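Residue numbers (my numbering): 27 to 329.
Every residue, glycine too, gets a C-beta built ideally from N, C-alpha and C.
These numbers were taken from a predicted model, which means no experiment stands behind them.
Input: a single structure, listed below in structure tokens.
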């Protein structure tokens with residue numbers, strides 16, 4: 027083998043172990059799940075013993091009202107919590123991006139919820155939402171108001187509050203990192219031109235932070251579609267199906283209803299949804315990068 031061929035093959039040799047791990051740990055399970063979704067699969071059977079039923083699992087889910095109810099709950103939950111978390115996280119980052127005494131301690135306190143295990147978060151908020159002994163109802167009674175059955179009357183709002191509390195720090199950390207990496211020359215030029223702090227945020231900081239914010243929102247949105255532990259501990263998906271998101275329904279279908287084929291088909295529906303969101307975000311990012319290049323090129327030509 028010539029030196030030129032060795033040089034050409036060297037990069038592939040380095041990525042081969044990682045590619046092998048990806049195939050074994052990612053693509054094989056996905057392929058296994060897709061194959062299982064076309065079969066009538068019971069947990070007591072190996073996949074080779076199951077009956078091939080084609081698209082029957084997908085059609086059954088498509089006609090299942092409970093599946094669509096879980097799907098709608100998932101969309102409402104995911105988009106609502108991510109929107110609120112983006113607003114709070116970016117707002118906190120803009121507020122704390124300054125050099126004042128004790129700011130490092132305050133930043134550390136803000137990220138503590140993200141470090142807590144989801145099961146613990148669910149237990150903590152379950153006690154706080156307790157109708158008799160919970161912190162919120164004790165506060166309401168202290169100011170002369172009646173207590174609220176949080177997990178009975180407002181279950182979806184309750185799990186949203188818990189999720190927002192836990193994951194707003196994730197948005198905050200990445201937004202703060204994006205803020206601190208902005209070119210100071212642009213901010214100094216804006217100040218010299220007389221831009222107010224609000225104008226700097228709208229016209230300088232947020233546009234420059236946009237690529238990071240888009241990726242951050244995508245990562246958080248994908249994760250929000252897969253939330254399981256907090257909802258399982260807080261409400262168990264109830265009352266009824268009011269907080270049963272798709273991840274929880276998939277787990278129940280496989281474990282309680284013992285329909286592995288249907289659970290696999292449901293997982294594929296969720297996978298397709300996440301892929302559409304991911305591709306949409308990437309397309310938007312590419313469009314924004316191309317637009318920025320065009321604007322830069324036009325500015326250079328005018329200059």
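| query | Between the Cα of residue 169 and the Cα atoms of 228, 161, 124, which residue gives the shortest distance? | reply | Walking along the chain shown from the start, residue 169 turns up at place 143. It is 161.
| task | Could you name the residues that DSSP lists as bridge partners for residue 19? | result | Because the chain here runs from 27 to 329, residue 19 falls outside it and cannot be looked at.
| task | Quick one: using the 10 Å Cβ neighbour count with 16 as the cut-off for buried, is residue 192 buried or exposed? | result | Position 166 of the chain shown, counted from the start, is the residue given in the question as residue 192. Label assigned to residue 192: buried.
| query | Going by alpha carbons, who is nearest to residue 115 out of 226, 202, 151, 277? | reply | Working through the chain shown from its first residue, we reach residue 115 at position 89. For the residues 226, 202, 151, 277, the minimum Cα distance to residue 115 belongs to 202.
| message | Suppose contacts are defined by Cβ-Cβ distances below 8 Å. Is residue 248 in contact with residue 303 by that definition? | response | Numbered from 1 along the chain shown, position 222 holds the residue referred to as residue 248. Numbered from 1 along the chain shown, position 277 holds the residue referred to as residue 303. Taking a C-beta distance under 8 Å as the contact criterion, residue 248 and residue 303 qualify as a contact pair.
| Quick one: what's got a C-beta closer than 8 Å to residue 67's C-beta in the same chain, skipping five residues either side? | As a position in the chain shown, residue 67 is number 41, starting the count at 1. For residue 67, where only same-chain residues beyond five positions count, the Cβ hits under 8 Å are 73, 76, 285, 286, 287, 290.
| query | Going along the chain, which residues of its own chain have a beta-carbon closer than 8 Å to the beta-carbon of residue 221, five neighbours each way excluded? | reply | For the purposes of this step, residue 221 is taken as the residue at position 195 of the chain shown. Closer than 8 Å at Cβ, skipping near neighbours: 229, 230.
| message | Using only CA atoms, which one of 140, 309, 317, 293 lies nearest to residue 64? | response | Numbered from 1 along the chain shown, position 38 holds the residue referred to as residue 64. Among 140, 309, 317, 293, the Cα nearest to that of residue 64 belongs to 293.
| said: Measuring CB atoms only, is the region 172-192 touching the region 258-268, in the sense that at least three cross pairs come out at less than 8 Å? | reply: yes
| said: Under 8 Å: do the region 309-320 and the region 87-105 share three or more Cβ pairs, one atom per stretch? | reply: no
| Can you name the start and end residues of the alpha helix (DSSP H) that residue 163 belongs to? | Taking the first residue of the chain shown as position 1, residue 163 is located at position 137. From DSSP, the alpha helix (DSSP H) with residue 163 extends over 161-168.
| query | By how many angstroms is the C-alpha of residue 96 removed from the C-alpha of residue 281? | reply | Within the chain shown, the letter at position 255 stands for residue 281. Within the chain shown, the letter at position 70 stands for residue 96. Whole-angstrom Cα-Cα distance: 17 Å.
| said: If contacts are defined as beta-carbon pairs under 8 Å, then residue 107 and residue 189 qualify, I think. What distance do you get, rounded to the angstrom? | reply: Locating residue 107 in the chain shown gives position 81, where the first residue counts as 1. Locating residue 189 in the chain shown gives position 163, where the first residue counts as 1. Confirmed, Cβ separation roughly 5 Å.
| Which ranges would you report for the alpha helix (DSSP H) in the region 97-166 if only whole runs of at least 4 residues count? | 129-141, 144-154
| Based on Cα-Cα distance, which residue from 48, 227, 301, 295 lies nearest to residue 81? | Taking the chain shown and counting its residues from 1, one reaches residue 81 at position 55. Nearest neighbour of residue 81 by Cα position, chosen from 48, 227, 301, 295, turns out to be 295.
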